[in-house]
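2 protein chains.
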Amino acid sequence: MALEHAILVSLLEKPGSGYELARRFERSIGYFWTATHQQIYRVLKRMENDGWVEAREVPQQRRPDKREYSVADLGRAALSSWLHDPIEPESVRHDLAVKIRGAAFDDPAALIREVERHRQTHRDRLAHYLAGEERDFTGPDAGATAPDTPLDAERELQHVVLRGGIAYERMMIGWLDDVLATLARFGPDH
Amino acid sequence: MALEHAILVSLLEKPGSGYELARRFERSIGYFWTATHQQIYRVLKRMENDGWVEAREVPQQRRPDKREYSVADLGRAALSSWLHDPIEPESVRHDLAVKIRGAAFDDPAALIREVERHRQTHRDRLAHYLAGEERDFTGPDAGATAPDTPLDAERELQHVVLRGGIAYERMMIGWLDDVLATLARFGPDH
DNA sequence: TGATGCATGTAAGCCGTTACATGATTGT
DNA sequence: ACAATCATGTAACGGCTTACATGCATCA
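This is the structure we're talking about:
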């Protein structure tokens, strides 16, 4: 389980409230980890009890007050310990692949629409990632700061993770094209 | 949740016991769905109660008897209904990506070994998939049967799912090379 | 003698999803 | 007037993981 660790990383990048974390999990962190606000609030509470994070009440005008969390020493230590702990490469879980194999016992052509929908989602995500890359990593000041500063490491590592998301979406689009071509060979006119 | 449906697909391809299903989930089905024997036995029992599958006692010599399951009409209908139900494209969950972004706040070079281990796992899986493709889909009788038979659909769809696994592993290996090159730039000699 | 494979399970606990709930403010 | 955004939660249910448990057969 890495939700706690994903939260630690996000709070190290920038402190924030549970609500703000939920926003981030819909965007950048969400490229490789999803979480709803319910999960986040529950885990934040546990992390606060364990002394991993500290909360600060931030009064706001025209808005509800918020509890801004930041990482405590114990949290930093927990993250470091997890980083040094080997993890097993995850296995994939593709509902769609189950459906594709299952289609052999039903009507393969009925899956075409579904696969096209998925393909469109992956195209959208790819466009979104590419826009983010353009905005955050190819600006006029890209590489303009001194090399090898911690900030550079943070940026470079964020960038390489984003490139992973881009590679994933491209691979999926290519594969779904392959799937569509295969399904087309077992259409209703056969 | 698609474990039930993955089991239905597997049992339609070939009836088998809970133990045999667990084996398959370590191999071919495991390319895109994992399950342990505990999950499988529990779900099989529920599916039997719901009339989705039927069990047949098979006495064996020098081995414990086994309960061989096959798909009942209700199970076939449940699968068909699920196949026609749209699902949302899943989001990825990459512990490793969390680690990579977290490494900015620790020692980036300490992750190199871990990433290399993962890369090796993906190389092994790729080799395994390619061997399976060679064995099952490029044999002398590939395409030798009459076109567009149900068996062909089953084979073709299994093959396209396997090609998805191959594409995934190739993508991961390429990305992990990218990650290693990035981590190397923030090594201890900086 | 010990490890591995065949075969089937129970129990505990955490994780994740869905639904429900509140309440103010801002924009159409 | 209605929807969306900011902000924080509770409750219930089901899924998944880990550990524990049994027992026979085979092979080194």
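From first to last, the protein sequence lines are chains A and B.
Sequential numbering of the first sequence, starting at 1, is according to the UniProt record's numbering.
Sequential numbering of the second sequence, starting at 1, is according to the UniProt record's numbering.
Using N, Cα and C, we set each Cβ at its ideal position, and we do this for glycine too.
Just so you know, these numbers come straight off a predicted model, no measurement behind them.
Check the Cβ of residue i against every Cβ in chain B and list those closer than 7 Å, keeping chain order.
{"i": "A:Ala167", "result": "Met171, Gly174 and Trp175"}
For a contact meaning CB atoms closer than 9 Å, what does residue i contact in chain B?
{"i": "A:Leu79", "result": "Gly102, Phe105 and Asp106"}
Quick check on residue i: does DSSP put it in helix, strand or coil?
{"i": "A:Gly75", "result": "helix"}
{"i": "B:Ser81", "result": "helix"}
{"i": "A:Gly30", "result": "helix"}
{"i": "A:Ala2", "result": "coil"}
{"i": "A:Arg56", "result": "strand"}
{"i": "B:Gly18", "result": "helix"}
{"i": "A:Arg63", "result": "coil"}
{"i": "A:Ser91", "result": "coil"}
Taking all protein chains shown into account, do 16 or more other C-beta atoms lie within 10 angstroms of the C-beta of residue i, making it buried, or fewer, making it exposed?
{"i": "B:Lys14", "result": "exposed"}
{"i": "A:Glu90", "result": "exposed"}
{"i": "B:Pro108", "result": "buried"}
{"i": "A:Gly51", "result": "exposed"}
{"i": "B:Arg24", "result": "buried"}
{"i": "A:Ser81", "result": "exposed"}
{"i": "A:Ala2", "result": "buried"}
{"i": "A:Asp124", "result": "exposed"}
{"i": "B:Asp127", "result": "According to the sequence as given, residue 127 of chain B is Ala; it is not Asp. By the neighbour-count rule (16 or more Cβ atoms within 10 Å), B:Ala127 is not buried but exposed."}
Report the neighbours of residue i on chain A: residues whose CB is nearer than 8 Å to its CB, in chain order.
{"i": "B:Arg30", "result": "With the sequence shown as reference, residue 30 of chain B is identified as Gly, and Arg is not the correct amino acid for it. Simply Ser91."}
Among the options, which residue has its Cα nearest to the Cα of residue i?
{"i": "B:Gln158", "options": "A:Phe32, A:Ser70 and A:Ala103", "result": "A:Ala103"}
{"i": "A:Tyr69", "options": "A:Arg113, A:Ser10 and A:Ala35", "result": "A:Ser10"}
{"i": "B:Val115", "options": "A:Gln61, A:His84 and A:Trp33", "result": "A:His84"}
{"i": "A:Val179", "options": "A:Ala110, A:Trp82 and A:Leu74", "result": "A:Ala110"}
{"i": "B:Pro86", "options": "A:Phe105, A:Met172, A:Gln61 and A:Ile112", "result": "A:Ile112"}
{"i": "A:His5", "options": "B:His94, B:Tyr129 and B:Asp136", "result": "B:His94"}
{"i": "A:Phe137", "options": "A:Glu156, A:His128 and A:Ala127", "result": "A:Glu156"}
{"i": "B:Arg135", "options": "B:Leu21, B:Leu162 and B:Ala153", "result": "B:Leu162"}
Determine the chain A residues that contact residue i at a beta-carbon separation under 9 Å, and present them in chain order.
{"i": "B:Lys99", "result": "Ala2, His5, Val9, Trp82, Leu83 and Ile87"}
{"i": "B:Trp33", "result": "Ser91, Val92, Arg93, His94, Asp95, Ala97 and Val98"}
Determine whether the beta carbon atoms of residue i and residue j lie at a separation below 8 Å.
{"i": "A:Leu183", "j": "A:His118", "result": "no"}
{"i": "B:Tyr19", "j": "A:Val92", "result": "no"}
{"i": "B:Val43", "j": "B:Ile7", "result": "yes"}
{"i": "B:Ala78", "j": "B:Glu54", "result": "no"}
{"i": "A:Lys66", "j": "A:Val58", "result": "yes"}
{"i": "B:Gly164", "j": "A:Ala97", "result": "yes"}
{"i": "A:Phe32", "j": "B:Leu12", "result": "no"}
Name the chain B residues that come within less than 8 Å of residue i, Cβ to Cβ?
{"i": "A:Glu114", "result": "Pro86 and Ile87"}
Hey, is residue i close to the ligand ATP, as in C-beta under 7 Å from one of its heavy atoms?
{"i": "A:Gly164", "result": "Among the components modelled here there is no ligand, and therefore nothing to report on the ligand ATP."}
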